[in-house]
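Input: a single structure, listed below in structure tokens.
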Amino acid sequence: MLTLTQAQDKRKQLVEEGYCIVDDVLDQEFLAELRQVTARIRAEEKQSHSAVKYHGTLIEPAFRDPVYARLIAWQPSLDLLAVMGFGDVRWEGSMYLISKLPFGPPLYWHQDWGWWNHPVSSEARPMQVFFSYYLADTTVENGCLRVIPGSHLRRFDLHDKLLIGPGHVDWTKDEKAEGVNEAMLLDHPAAVDVPAKSGSLVMADARLLHSTRANQTPEHRPLVLVWYFLDFDRFPAEIKEACKIEYTFRPPNWWTGDVGDAVKPLVVQGERTGAAIAGTRVPGVHLRRSGEQTGDDGE
Ligand SMILES: O=C(O)CCC(=O)C(=O)O
19 MLTLTQAQDK RKQLVEEGYC IVDDVLDQEF LAELRQVTAR IRAEEKQSHS AVKYHGTLIE
79 PAFRDPVYAR LIAWQPSLDL LAVMGFGDVR WEGSMYLISK LPFGPPLYWH QDWGWWNHPV
139 SSEARPMQVF FSYYLADTTV ENGCLRVIPG SHLRRFDLHD KLLIGPGHVD WTKDEKAEGV
199 NEAMLLDHPA AVDVPAKSGS LVMADARLLH STRANQTPEH RPLVLVWYFL DFDRFPAEIK
259 EACKIEYTFR PPNWWTGDVG DAVKPLVVQG ERTGAAIAGT RVPGVHLRRS GEQTGDDGE
């Protein structure tokens, strides 16, 4: 567990740069179990690699093994968020097994925030984060994550080149990613490599521009990625309502018996109480260029 000062530094980095890494969040025993189950699921899955060539695999494993319920509610990660000062943590409902294939291509630049039309998008506080648990050490050679620090709060030239919106590359809906263009695969002068040790937690804001290096090795590079909302009680009501519509769980989308009990407090639930926002993944006026003041966000 980090000291308070270390945790505050991680929070500062997450808020200002859009990401941070915390080492040794998973212990060796749990990591071994995750590796074993994840390899089994990858082998069982009949996913066509050509359909998800940029990711490698894009499998939703959550309800296929109890180990993933433990990962979602992994106490050291939740304790870490608490010491970093985040409350009301919710599991967004999704988890992906992204196994970059041997000699697989880089992942294209993209960001994952879905409510760019809401003024809250310009606020520094992280609301939605992905937790990446790499099950093998990642390096520049085997396809580590790349990010553009600060791109969650500031518009870069790259934002205007990414194909998003209608006909766009939303890989959750267009797994073939046919709209990927050249700019989305290019190097960028502001890009930073984020190599990580297995067992570390790489945490990043959904708004951050990110991609990966290519895998230049003959080994798979496995990742289990989990999405969370932070400080959900402070979400704007219309986004909360949108979450209530999107993230519902009914069998078979749950584990059997008491396996999912620890996850229950993390689930978005509740009666609908108002209108939901129709979101967009296209950053609009709420993503400002450096130094630009729009005055549109209630500041
Ligand atoms: O494969 C990776 O390392 C990153 C995947 C990712 O962040 C994404 O698909 O959005």
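This note's numbering numbers the first residue of the sequence shown as 19 and each following residue consecutively. Where a beta carbon is used, it is the ideal one built from N, C-alpha and C, also for glycine.
- request: Mind checking who residue 149 pairs with in its DSSP beta bridge?
  value: 221, 244
Residue 56: first and last residue of the uninterrupted alpha helix (DSSP H) it sits in: 46 to 62
- request: State yes or no: is the C-beta of residue 217 within less than 8 Å of the C-beta of residue 96?
  value: no
message: Is residue 148 near ligand 1 - that is, is its Cβ less than 7 Å away from at least one heavy atom of it?
response: yes
- request: Could you tell me which residues DSSP puts in a beta bridge with residue 40?
  value: 219
query: Okay, do the segment 144 to 154 and the segment 267 to 276 touch, 3+ Cβ pairs below 8 Å being the bar?
result: no
- request: To the nearest angstrom, report how far apart residue 236 and residue 73 are at their CA atoms.
  value: Residue 236 and residue 73: Cα-Cα distance of roughly 16 Å.
message: Based on DSSP bridge pairs, tell me the residues matched to residue 112.
response: Answer is none; residue 112 lacks a bridge partner.
- request: May I have the straight-line CA-CA distance separating residue 75 from residue 123, to the nearest angstrom?
  value: 12 Å
field: Coil, strand or helix - residue 309 by DSSP
entry: coil
field: Residues bridged to residue 172 [DSSP beta-bridge criterion]
entry: Residue 172 is bridged by DSSP to 306.
query: For the candidate residues 27, 305, 40, 92, whose alpha-carbon lies nearest to that of residue 283?
result: Closest in C-alpha terms to residue 283, from the list 27, 305, 40, 92, comes 92.
task: For residue 179, name the three-state secondary structure that DSSP assigns.
output: coil
query: Would you call the segment 45 to 64 and the segment 220 to 232 in contact, with 3 or more CB pairs under 8 Å?
result: no
query: For residue 111, which option in 295, 253, 294, 285 has the closest C-alpha, if you only look at C-alpha atoms?
result: 285
Rounded C-alpha distance that separates residue 190 from residue 25: Because the pLDDT at residue 190 is just 46, under 50, the model does not fix this residue reliably, and the point stays unresolved.
query: Are the beta-carbon atoms of residue 288 and residue 165 separated by less than 8 Å?
result: no
message: Taking 6 Å as the limit between beta carbons, can you name the residues of its chain near residue 298, skipping five residues before and five after?
response: Around residue 298: 134, 135.
Three-way DSSP call (helix, strand, coil) for residue 281 in this model: coil
- request: Would you grab the beta carbon distance between residue 108 and residue 267 for me? Rounded to a whole angstrom, and I think it's under 8 Å.
  value: Going by Cβ atoms, the distance from residue 108 to residue 267 rounds to 12 Å, so no, they are not a contact pair.
task: Figure out for me which residue from 88, 83, 98, 219 has the closest Cα to the Cα of residue 148.
output: Answer by Cα proximity: 219.
query: DSSP state of residue 257, grouped into three classes?
result: Reduced to three states, the DSSP call for residue 257 is helix.
query: Is residue 230 near ligand 1, going by C-beta to nearest heavy atom under 7 Å?
result: yes
- prompt: Is residue 30 helix, strand or coil when you go by DSSP?
  reply: helix
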